[in-house]
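Working notes for the structure below.
Number of protein chains: 2
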Amino acid sequence: MPERKAVVVHSGGMDSTTLLMETIRGGMYAEVFSFGVNYGQKHARRELDCAARICADLQIGRVVADLRAAAPCFMGSALTGLGAVPEGHYKHESMKATAVNNRNMVILSLAAAFAQSVGAMAVYYGAHAGDHAIYPDCRKEFYSSCAATIGYATDDAVRLFAPYGAWNKERIVRQGELLRVPWSITWSCYNGRERHCGKCGTCVERREAFRLAGVVDPTEYEA
Amino acid sequence: MPERKAVVVHSGGMDSTTLLMETIRGGMYAEVFSFGVNYGQKHARRELDCAARICADLQIGRVVADLRAAAPCFMGSALTGLGAVPEGHYKHESMKATAVNNRNMVILSLAAAFAQSVGAMAVYYGAHAGDHAIYPDCRKEFYSSCAATIGYATDDAVRLFAPYGAWNKERIVRQGELLRVPWSITWSCYNGRERHCGKCGTCVERREAFRLAGVVDPTEYEA
């Protein structure tokens, strides 16, 4: 029997890093790969650097699919260059500006392709229940359908799992704390400056999750 | 009401060029875009040149998403560099070497993203019934599921259509002939040499489709 391998969609943020470490520690797989995408996000450099550092510490393989030459697909988002990143809470309507056209389907389909290319049987995706009504491609209906599509496309060679689908971010922080996720080198902020801005939707959510989980937040924020 | 726009997944081959011309001539859309992908296929230069020329003749916009910097996702296919392109009929087992990991899901998800970025409501995909049991991502189960996934991912802003799903290639040639598809500047061959090789699976199928449809084949083959 061949060695079991898995691919984790890994941005370098809190959720996907927790999922990555859980997949490694779970012991089901002989090899676990981190898979990321550069779709021209403003915070690409910081995010990708953090992910690379985490993978180096964990001594696992990391592949980044560079989609910057597919930029016309991802126009029109505050994350890829259109205007400023909005500040405030994710639940706010203004956060819709941070949606990126069909981003998660593109990422998951590439992750499934990468999984096939390395003979991995599973793709893990860190979507969670707090993943926002404003992002249709974070909802359960979406990733359940996506899992079916990947099954058809690969003759069931690759399966998609979203084990945090019913969790909120607070629970992920508690889980990550048990796994000793190196929070200080995870990256959330949509503004890719030297430090987390503390004001954009994902920074607000990051702070809130640490607070609700009762876990010390080691992040240095600008504000 | 905004002007209706559509995106056609267009490789420059016979099927997608027929579909492109039918979508334009159908008159349902004020603007039709041709969308292609460079995933590192050996025949990219010839295929993309043909598609560009067809679009120039039709005076429509063409966008190519360049995925060559995502090459690790597409390793392991005869189309992207692994060994020689097999010769013979598509129905033959050896043709499995030409499958590209999850290629069509990647292409369709990018096409849907591009559709969102230009405000198009529809993506057209030229899969047909002769699209081969060896390619799971050409089957109806796949693209029906993919259509559902795109619907979820985009809040039904983009719909996927595969109007040739029940047709064979012979019927597409007859349809293309009615639409006056410029066959001589369409490209099929998996070997991207100056002329069609005449021997690879897609060349064999191309010749057969012209013959069965009773349409003169203007292609210059090597053999």
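Taken in order, these protein sequences are the chains called W and D. Residue numbering for the first sequence follows the numbering used here, beginning at 1 and increasing consecutively. Residue numbering for the second sequence follows the numbering used here, beginning at 224 and increasing consecutively. Every residue gets a Cβ at the ideal spot worked out from N, C-alpha and C, and that includes glycine.
At a threshold of 7 Å, does residue i count as lining the ligand ADP (C-beta to nearest heavy atom)?
i, result
"residue 270 (chain D)", "Looking for the ligand ADP in the displayed structure turns up nothing, as the structure carries no ligands at all."
So which residues of chain D does residue i contact, with C-beta pairs closer than 8 Å?
i, result
"residue 150 (chain W)", "325 and 328"
"residue 139 (chain W)", "375"
"residue 131 (chain W)", "Neighbours of residue 131 (chain W) on chain D: none; closest Cβ ~13 Å, over 8 Å."
"residue 67 (chain W)", "288, 290, 292 and 293"
Any idea if residue i is buried or exposed, counting beta-carbon neighbours within 10 angstroms, 16 or more meaning buried?
i, result
"residue 251 (chain D)", "exposed"
"residue 67 (chain W)", "buried"
"residue 441 (chain D)", "exposed"
"residue 180 (chain W)", "exposed"
"residue 15 (chain W)", "buried"
"residue 110 (chain W)", "buried"
"residue 270 (chain D)", "buried"
"residue 407 (chain D)", "exposed"
"residue 151 (chain W)", "buried"
"residue 265 (chain D)", "buried"
"residue 427 (chain D)", "buried"
"residue 216 (chain W)", "exposed"
"residue 446 (chain D)", "exposed"
"residue 30 (chain W)", "exposed"
"residue 133 (chain W)", "exposed"
"residue 224 (chain D)", "Per-residue confidence for residue 224 (chain D) stands at a pLDDT of 49, beneath the threshold of 50, marking its modelled position as unreliable; no derived number is given."
"residue 279 (chain D)", "exposed"
"residue 20 (chain W)", "buried"
"residue 245 (chain D)", "buried"
"residue 214 (chain W)", "exposed"
"residue 45 (chain W)", "exposed"
"residue 206 (chain W)", "buried"
"residue 306 (chain D)", "exposed"
"residue 26 (chain W)", "exposed"
"residue 241 (chain D)", "buried"
"residue 432 (chain D)", "buried"
Let me check one thing: in DSSP terms, what residues is residue i bridge-paired to?
i, result
"residue 259 (chain D)", "D:287"
"residue 228 (chain D)", "D:254"
"residue 404 (chain D)", "DSSP, once it has assigned bridges, lists no residue as partnering residue 404 (chain D)."
"residue 382 (chain D)", "D:345"
"residue 419 (chain D)", "D:444"
"residue 87 (chain W)", "W:200"
Please compile the residues from chain W whose C-beta is within a distance smaller than 7 Å of the C-beta of residue i.
i, result
"residue 298 (chain D)", "117"
"residue 286 (chain D)", "72"
"residue 337 (chain D)", "72 and 73"
"residue 234 (chain D)", "The premise fails here: residue 234 (chain D) is roughly 16 Å from chain W at the closest Cβ pair, so nothing lies under 7 Å."
"residue 176 (chain D)", "Nothing about residue 176 (chain D) can be read from this structure; chain D reaches only from 224 to 446."
Below 9 Å on C-beta distance, what does residue i contact in chain D?
i, result
"residue 55 (chain W)", "Per Cβ cutoff of 9 Å: no residues; residue 55 (chain W) is ~14 Å from chain D at best."
I think residue i touches residue j, with their Cβ atoms under 8 Å apart; what is that distance to the nearest whole Å?
i, j, result
"residue 277 (chain D)", "residue 235 (chain D)", "6 Å"
"residue 80 (chain W)", "residue 39 (chain W)", "7 Å"
"residue 112 (chain W)", "residue 153 (chain W)", "7 Å"
"residue 327 (chain D)", "residue 361 (chain D)", "7 Å"
"residue 77 (chain W)", "residue 99 (chain W)", "6 Å"
"residue 230 (chain D)", "residue 338 (chain D)", "4 Å"
"residue 260 (chain D)", "residue 288 (chain D)", "5 Å"
"residue 33 (chain W)", "residue 63 (chain W)", "6 Å"
"residue 145 (chain W)", "residue 368 (chain D)", "7 Å"
"residue 409 (chain D)", "residue 273 (chain D)", "6 Å"
"residue 400 (chain D)", "residue 418 (chain D)", "Actually they are not in contact, since the Cβ atoms of residue 400 (chain D) and residue 418 (chain D) sit about 22 Å apart, beyond 8 Å."
Name the chain D residues that come within less than 7 Å of residue i, Cβ to Cβ?
i, result
"residue 146 (chain W)", "372"
At a CB-CB cut-off below 8 Å, which residues of chain W make contact with residue i?
i, result
"residue 365 (chain D)", "149, 152 and 153"
"residue 359 (chain D)", "152, 153, 154 and 155"
Cβ closer than 9 Å: which chain W residues qualify as neighbours of residue i?
i, result
"residue 272 (chain D)", "Those within 9 Å of residue 272 (chain D) in chain W number zero; the least Cβ separation is about 18 Å."
_Across the segment 296–312 of chain D and the segment 417–430 of chain D, are there enough close Cβ pairs to call them in contact, namely three or more that are closer than 8 Å?_
yes
_Contact the segment 161–172 of chain W vs the segment 126–134 of chain W: 3+ CB pairs below 8 Å_ = yes
*asked:* With three or more C-beta pairs closer than 8 Å as the rule, is the segment 92–109 of chain W touching the segment 146–161 of chain W?
replied: yes
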